[in-house]
Every structure is written in structure tokens, then in C-alpha cells.
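In our numbering, the protein residues as written are 340 to 615.
Written below as C-alpha cells is the structure these notes are about.
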Amino acid sequence: MHPAAEHSPLGKSSEYIATYTPSLLFPIPRLAKWAELGVSGDALPWQGVDFWNCFELSWLLPSGKPVVAIGEFAIPCDSPNIIESKSFKLYLNSLNQTVFASAAELQACLVKDLSAAAGKPVAVKISTLAEVEAQGVTALPGQCIDALDVSISNYEQPQSELLRCSAQRMVEETVHSHLLKSNCPVTGQPDWGSVVVAYKGRALDHASLLTYLISFRQHADFHEQCVERIYLDLKNLLQPEHLTVYARYVRRGGLDINPYRSTGVINPQNLRLVRQ
């Protein structure tokens, strides 16, 4: 468990506060997990963003009438802190009985509070239900590897030695799997996700990738760190010209978390999958 998470609201009974309380946000430094992966915060081997989507966003108009909407929060992957997910939900709940004159006023408030917690500017987008409904859902790009016939014996700890590639053959491809699962390091609750690997480099053995991804099944770590571990293991193996790894996780408590990591600048679209 991350030492800071022990003091977070995760796994504890929490009072429901329905009026604006920004102090509910609980930042967790990324540095400890980066050090665990052998990564320095001064020279990160990736670029990217963490998309959070809130499906339980609500506040009051000056008339007292409530509004419901969907919020998108883009947290830079090099921000000093992640925001612990339960504290994020508790903070968003504190808006439920709070008056904002407009969505723009609420947006400005969210930008201020979330940026302070993350330690870097956080982009916020508030959409109506009709706008999100019109976007629909999307399918992941590339080839799905889930139908491959693999034998699994390890579920407890990701093992990079499971991964194999052909050093003689170079390819450019995108593959994905819906079989990613890990557990919350504090509560033990399951986190279900779909993961995409897009790269140009040594040809990755797809069966070995699937076996490796399934080895996360009982692994306890936060969403962001799971994606960063996958990214680093693949980068070390494939020695790619470019590599992008991202995961779209299923929501819990009205929030889903979607980390993106890449060797270069990316401008990903935050599009929902059918499970989201």
C-alpha cells in the first residue's frame, strides 16, 4: 500500500457532506510509486494524461433547482500528486447542495480546487447528458487478443519475464484486451479495465502479452501505477520507436479513471467504451 493512502478516506466510514468542502480532496504523491518502478520524477520516460469522468455531478442554481451533468477532468501525468478516488467522490458530493450561478462558475471552482490538489493545472469540461449521449460509445482500436488460447498460473504479481518478442522482426501495430483487472491497494475492491498497446518496434508475442496482462488480476495497485508498469515493461522489451499504453477502467462510485502514457506527445480522445 502507498504509505499516504493509509491516511486517506479509502476503506473508512465517511460522513456525507453536501455543501462545498474542498478540504475533502486527499492528494497522494506519485514519487513513491515512481521510485518503486525505478523512475525519477525529474526525467519521466513518458508523457500523457489521466482522464477522470464523473457521472454523478450535480449542483444547485440560484433558484434552488438542481442540475445534473457529466464532468471530465484531465490531470497531467507528471503532476506531483494523484487524487485519492474516494476523497474525489466525497468532494464532488459536497457540491450537491451548493449554489453556482452557472456551469462556467462551477468549472472555474473545479479547476482551482483540483489543480491545487494535483499540483499542476487540471483541465475541466462539463457536459450535458444530451451531449454525452450524442457521443455514444466507441470500440477500441486494433486487434483484440482475448480469444488467444493461453494457460494461466500466476495472478498475484505482474511478471515482465512473461513477455516475449521477436528481436529480428519489426512491426507497427495496435492491440487491445478487455481482461485487465487489478485490485485497490487499500480496500481490495476489484478494478476492471480494458488496455490498449500501440507501438512500432520489435514484434510483440500476443499470447505472452495476454498472459502478462492477466497476471495483474490479483495485483494491488492504483490505476495509474498499473498502466505505468505495463508501459515500462513493454518499453524495456520492445525498444520501440514509439509506444502508447492506455487503460479505460470501469467506474466505481460514479468515477472512472483512464491513464494514458506515451513516448511522445499525444492528444487522446476521451471516448467511452461499452462497459463505461
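Think of the CB as a built atom: it goes at the ideal place given N, C-alpha and C, for glycine as much as any other residue.
If you're wondering where the values come from, they're calculated on a predicted model, not measured in any experiment.
Considering only their Cβ atoms, is the gap separating Phe439 from Trp398 smaller than 8 Å? yes
Using only alpha-carbon positions, find the residue among Ala371, Ile367, Pro366 and Leu376 that is nearest to Asn575. Leu376
8 Å contact criterion, which Val536 and Val584 should meet: CB distance rounded: 6 Å
Which two residues bound the contiguous alpha helix (DSSP H) that contains Asn575? His562 to Leu577
Alpha helix (DSSP H) runs contained entirely in the stretch 456 to 520, provided each spans 4 or more residues: 468 to 474
Below 8 Å, how does it come out for the stretch 547 to 565 and the stretch 475 to 494: are there three or more Cβ pairs, yes or no? yes
Using only the alpha-carbon positions, how far apart do Leu501 and Glu495 sit? 13 Å
Going by alpha carbons, who is nearest to Phe365 out of Asp389, Arg600, Val566 and Phe427? Phe427
Could you tell me which of Phe561, Leu519, Arg503 and Leu612 sits nearest to Asp296, measuring between CA atoms? The question about residue 296 has no answer, for the chain in this structure spans 340 to 615.
Distance, Lys404 Cα to Leu383 Cα: 46 Å
For Asn432, the first and last residue of its enclosing alpha helix (DSSP H): Ser424 to Asn432
Within the same chain, show all residues whose beta-carbon is closer than 8 Å to that of Asn609, passing over the 5 residues directly before and after it, in chain order. Phe390, Asn392, Glu411, Ala413 and Asn597
What is the DSSP secondary structure of Ala371, counted as helix, strand or coil? helix
Using CA atoms only, rank isn't needed, just tell me which of Ser441, His581 and Gln564 is closest to Ala374. Gln564
Where His545 sits in the DSSP three-state scheme: helix
Please return the same chain residues whose Cβ sits closer than 6 Å to the Cβ of Thr360, not counting the five positions on each side in sequence. Ser433
Under 8 Å, do Ser533 and Leu519 count as touching if we go by C-beta distance? yes
With a CB to CB cut of under 7 Å and the five nearest residues on each side skipped, what residues in its chain are close to Thr467? Ala408
Anyone know if the C-beta pair for Pro497 and His558 falls short of 8 Å? yes
Sub-8 Å separation of Tyr538 and Pro480 beta-carbons: no
Can you tell me the Cβ-Cβ gap for Ser554 and Asn493, rounded? I've got them flagged as a contact below 8 Å. 5 Å
Between Gln507, Gln615 and Val406, which has its C-alpha nearest Asn435's C-alpha? Val406
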